[in-house]
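Chemist: Residue numbers (the numbering used here): 336 to 534. Beta carbons are placed, not taken as given, at the ideal position from N, Cα and C, and that holds for glycine. Keep in mind it's a predicted model, so treat the numbers as computed, not measured.
Below, the structure is given as structure tokens:
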């Protein structure tokens with residue numbers, strides 16, 4: 336089993352989403368001791384942005400790319416290969432200003448490629464990244480689950496589904512900025528969700 340763990344918090348060691356994602360990975364490894372884990376910490380190692388140079392490289396024919404363009408495309412190719420190789424994904428995605436971190440958006444931009452991870456058909460787009468189990472750890476300072484302010488989970492469900500990943504389980508840690516007791520309760524609730532998932 337190949338597990339792809341992606342964390343995206345800039346809080347580093349103080350990150351709630353990264354810590355809880357680590358608990359999910361630990362439970363998966365208990366169930367699959369032979370599992371190989373590939374970990375990407377986008378908070379420590381952010382990806383290059385999708386900018387003018389990146390788009391130009393992607394749309395330049397392979398045989399006409401400069402060495403710099405070839406290297407830029409190869410970087411994203413490696414991320415796509417990691418995604419395709421994974422059986423399970425564990426994504427640590429905190430809420431920043433009601434949305435996802437720019438670090439995680441960079442990963443989405445890198446792996447979303449027409450003809451490779453999705454394609455357009457006569458009946459609409461089709462995701463090509465199929466057969467994955469995805470665990471998304473969402474950490475929030477407040478409590479937003481199932482409210483109009485929660486753009487975080489719905490966006491991730493849509494974009495992952497767009498790429499073909501529809502077996503998605505969300506694990507919520509909410510209230511981390513609402514005081515010490517609320518933060519402790521957020522941990523308890525997240526751990527209870529993990530326990531319910533894995534028995």
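Determine the extent of the alpha helix (DSSP H) in which residue 450 is found, giving its start and end residues.
Modeler: Here the question's residue 450 lines up with position 115 in the chain shown. No alpha helix (DSSP H) contains residue 450, which DSSP labels as neither H nor E.
Chemist: Should residue 429 go down as buried or exposed, given a rule of 16 or more other Cβ atoms within 10 Å for buried?
Modeler: Numbered from 1 along the chain shown, position 94 holds the residue referred to as residue 429. Looking at its Cβ environment, which holds 16 or more other Cβ atoms inside 10 Å, residue 429 is buried.
Chemist: With respect to the alpha helix (DSSP H) encompassing residue 411, which residues constitute its N-terminal and C-terminal limits?
Modeler: As a working note, residue 411 is residue 76 in the chain shown. Start and end: 402-420.
Chemist: For the beta strand (DSSP E) holding residue 385, just list the boundary residues, first then last.
Modeler: On the chain shown, residue 385 is found 50 positions in, with the first residue counted as 1. Element bounds for residue 385: n/a, residue is neither H nor E.
Chemist: Is the number of C-beta pairs between the segment 489-499 and the segment 516-531 that are closer than 8 Å three or more?
Modeler: They do not touch, by the three-pair rule.
Chemist: Taking 8 Å as the threshold, find out whether the segment 343-361 comes into contact with the segment 370-381 through three or more Cβ pairs.
Modeler: A contact exists between the segment 343-361 and the segment 370-381.
Chemist: What three-state label does DSSP hand residue 475 in the structure shown?
Modeler: The residue given as residue 475 occupies position 140 in the chain shown. Residue 475 falls in the strand class under three-state DSSP.
Chemist: Measuring straight from C-alpha to C-alpha, what distance separates residue 511 and residue 340?
Modeler: Within the chain shown, numbered from 1, the residue matching residue 511 stands at position 176. Within the chain shown, numbered from 1, the residue matching residue 340 stands at position 5. Going by the C-alpha atoms only, they are around 22 Å apart.
Chemist: Using beta-carbon positions only, say whether residue 408 and residue 392 come within less than 7 Å of one another.
Modeler: Position 73 of the chain shown, counted from the first residue, corresponds to residue 408. Position 57 of the chain shown, counted from the first residue, corresponds to residue 392. Going by C-beta atoms, residue 408 is nearer than 7 Å to residue 392.
Chemist: So, at 8 Å on beta carbons, what are the nonlocal neighbours of residue 383 in its own chain, with the 5 sequence-adjacent residues on each side left out?
Modeler: Position 48 of the chain shown, counted from the first residue, corresponds to residue 383. Answer for residue 383: 389, 407, 410 and 441, listed in chain order.
Chemist: Out of curiosity, what's the CA-to-CA distance linking residue 364 and residue 399?
Modeler: Sequence index remark: in the chain shown, residue 364 carries index 29 (1-based). Sequence index remark: in the chain shown, residue 399 carries index 64 (1-based). So the two alpha carbons sit approximately 44 Å from each other.
Chemist: Which residues mark the beginning and the end of the alpha helix (DSSP H) in which residue 481 is found?
Modeler: Taking the chain shown and counting its residues from 1, one reaches residue 481 at position 146. Per DSSP, residue 481 belongs to no alpha helix (DSSP H) and is neither H nor E.
Chemist: What did DSSP end up calling residue 276 once you bin it into helix, strand or coil?
Modeler: No statement about residue 276 is possible, as the shown extent of the chain runs from 336 to 534 and does not include it.
Chemist: Look at the alpha carbon of residue 427 and the alpha carbon of residue 401, and state the distance between them as a whole number of angstroms.
Modeler: Taking the chain shown and counting its residues from 1, the one referred to as residue 427 is at position 92. Taking the chain shown and counting its residues from 1, the one referred to as residue 401 is at position 66. Distance between the alpha carbons of residue 427 and residue 401: 35 Å.
Chemist: Output the boundary residues of the alpha helix (DSSP H) element that contains residue 516.
Modeler: Your numbering for residue 516 matches position 181 in the chain shown. Unbroken alpha helix (DSSP H) run through residue 516: 515-533.
Chemist: For residue 422, which of 531, 502 and 491 has the nearest alpha-carbon?
Modeler: Within the chain shown, residue 422 is the residue found at index 87, counting from 1. Answer by Cα proximity: 502.
Chemist: Have a look at the DSSP bridge pairing and note the partners of residue 372.
Modeler: Stepping through the chain shown from its first residue, residue 372 is reached at position 37. Its beta-bridge partners are 338.
Chemist: Classify residue 504 as buried or exposed, calling it buried when 16 or more other Cβ atoms lie within 10 Å of its own Cβ.
Modeler: For the purposes of this step, residue 504 is identified with residue 169 of the chain shown, where counting begins at 1. Classification for residue 504: exposed.
Chemist: What is the residue span of the alpha helix (DSSP H) that residue 359 lies within?
Modeler: Translated into the one-based positions of the chain shown, residue 359 becomes position 24. 351-366 is the extent of the alpha helix (DSSP H) around residue 359.
Chemist: For residue 488, which residues from the same chain have a beta carbon less than 7 Å from its beta carbon, with the 5 sequence-adjacent residues on both sides left out?
Modeler: To locate residue 488, count along the chain shown from 1; it is residue 153. Here the set comprises 473 and 505.
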